[in-house]
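Below you'll find the structure, written out as structure tokens, and then a few comments.
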Amino acid sequence: MRREIEAIRKALISGKREVSANQTWKRICQITEAGDIEGKKIRFTQTDMERLRSFVIREAGFDPTMDTLKDGRVEQSTVSVNEKLAQGGVFDSMVIAGRPKGGSVPIKEMGELPAGALACVSIDKMMPPKTVSDPIVIMENGAMMAYLETIRWPDNIPNPIVLYRGHGINLPEIKKWVREVPDRALIIPFFDFDPEGIDMTRQYEAQRCIVPSNWRAIENRSPYNNATKYMKQISKRDLLSQDTRIPPAMRRHIAHNKIAVMQEHILSHDLPITILNFELLPTS
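Just add 107 to wherever you are in the sequence shown, counting from 1, and you've got my numbering.
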């Protein structure tokens, strides 16, 4: 139902009296008894538009011409009996942190975590960034957080603090917190080994990142390489050729072999990883 409500909201805001007769809008017509299907189009009268507006107010508890769905289920439950209409996922507003071997994480009033355990708190429960003194790995993919003990961490960071970068309303909040850590050398993004993943490290003002130790051995036909994904990224924007933070040899190798290796494949194929220091590299 969330999709239908969002479609109605956009139509009402735009003032459109005509929409494409796709499955979503056909379902809306059936539920609300508003609109006339004419071939590949659905047309609405002013009365139909009011009926659509009333439907959203009744079902979702907000006026679609003035507001949107709530982000969380609890917040949505204050205005509607259907809490699942909320836009955000269950953990979209939370920070997820852990350590491979257990230990303390930068969360207020939090004792030491067991090995592999994860803490999940709101951003206001995080310690001030200036108090951080241990390396912090920023993890791109949330699924990897369940395998902190399994990852073959580099010898110089055997037990880092690991933060999931987020993907919903928490993403900008986590990014802001990370940027405020005074010692930038402590911030180590661990993203997919592809042009977009490497480029994304800029958002965290990182001086280094994690890459496969054996990157020279990764080839176009390696079983874990996704050359198709590489081509899609490059077709949108060449993120690699001008990135002088990484060695020219690495740039050439990635481009020549069309390399895109996802974090999950780094783990499942037991690829060793290492830290690439941006600050120690030439600018040309």
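Glycine is no exception: its CB is placed at the ideal position from the N, C-alpha and C atoms.
> Could you check where the beta strand (DSSP E) with Lys148 kicks off and where it finishes?
Replying inline: Lys148 -> beta strand (DSSP E) spans Lys148 to Arg150.
> By DSSP, does Tyr271 sit in helix, in strand, or in coil?
Replying inline: strand
> Expressed to the nearest angstrom, what Euclidean distance is found between the alpha-carbon atoms of Glu125 and Cys316?
Replying inline: 49 Å
>> What does the Cβ neighbour count give for Glu303, buried or exposed, with the cut at 16 atoms within 10 Å?
In response: buried
>> According to DSSP, is Ser211 part of a helix, a strand, or is it coil?
In response: coil
> DSSP three-state call for Glu125: helix, strand or coil?
Replying inline: It is a strand residue.
> From which residue to which residue does the beta strand (DSSP E) around Leu225 run?
Replying inline: Leu225 to Ser229
> Quick one: Cα of Lys191 to Cα of Trp322, how far?
Replying inline: Reliability fails at Lys191, whose pLDDT of 42 lies under 50, so the model's placement of it is uncertain and the value that follows must be treated cautiously. Their Cα atoms are separated by approximately 44 Å.
> Over what stretch of residues does the alpha helix (DSSP H) that includes Met103 continue unbroken?
Replying inline: Because the chain is modelled from 108 through 391, residue 103 falls outside the range shown and cannot be assessed.
>> Distance check for Arg150 and Ile144, CA to CA, integer angstroms please.
In response: 7 Å
> Grouping DSSP H, G and I as helix and E and B as strand, with all else coil, what is Glu280?
Replying inline: helix
> Would you call the CB atoms of Ala118 and Gly146 closer than 9 Å?
Replying inline: no
> Is Val288 near Pro207, with beta carbons less than 9 Å apart?
Replying inline: no
> For Thr154, which of helix, strand or coil comes out of DSSP?
Replying inline: helix
> Which of helix, strand or coil does DSSP assign to Pro302?
Replying inline: helix
> Whose C-beta lies closer than 7 Å to the C-beta of Asn277 among residues of the same chain, with five residues either side of it excluded?
Replying inline: Apart from the 5 residues on each side of it in sequence, Asn277 sits with its Cβ closer than 7 Å to the Cβ of Asp199, Ser200, Met201, Val202 and Ile230 in its chain, given in chain order.
> Assuming Ile135 and Ile115 make a contact with CB atoms under 8 Å, what is their CB distance in whole Å?
Replying inline: 6 Å
> In three-state terms, what does DSSP make of Ile120?
Replying inline: helix
>> Whole angstroms are fine: how far does the CA of Gly223 sit from the CA of Ala253?
In response: Near 7 Å, if we compare the C-alpha coordinates of Gly223 and Ala253.
> Using a Cβ-Cβ cut-off of 6 Å (strictly less than) and excluding sequence neighbours within five positions of Met369, which residues of its own chain qualify?
Replying inline: Asp299
> Does any C-beta atom of chain B lie closer than 9 Å to the C-beta of Gly223?
Replying inline: Checking the listed chains, one finds no chain B in this structure; it contains a single protein chain.
> What's the gap between the Cα of Gly195 and the Cα of His274?
Replying inline: Any reading at Gly195 is ruled out, since the residue's pLDDT is 48, under 50, leaving its predicted position unreliable.
> Roughly how far, in whole angstroms, is the beta-carbon of Ile380 from the beta-carbon of Pro319, given that I think they are within contact range, below 8 Å?
Replying inline: 6 Å
> With DSSP run on the structure shown, which of helix, strand or coil describes Val239?
Replying inline: coil
> Counting only runs that start and end within the stretch 317-355, where is the alpha helix (DSSP H) found for 4 or more residues in a row?
Replying inline: DSSP assignment within the stretch 317-355 yields the following whole alpha helix (DSSP H) runs of 4 residues or more, N-terminal first: 334-343.
>> In whole angstroms, give me the CA-to-CA distance for Thr308 and Pro296.
In response: 6 Å
>> Let me confirm a value: Gly142 is counted as buried when at least 16 other C-beta atoms fall within 10 Å, else exposed. Which label applies?
In response: Burial of Gly142 is indicated by the presence of at least 16 other C-beta atoms within 10 angstroms of its C-beta.
> Do Ile294 and Ala334 have their C-beta atoms closer together than 9 Å?
Replying inline: Taking C-beta atoms as the reference points, Ile294 and Ala334 fail to come closer than 9 Å.
>> Looking only at its chain, what residues have a beta carbon closer than 8 Å to the beta carbon of Lys343, apart from the 5 residues adjacent to it on each side?
In response: none
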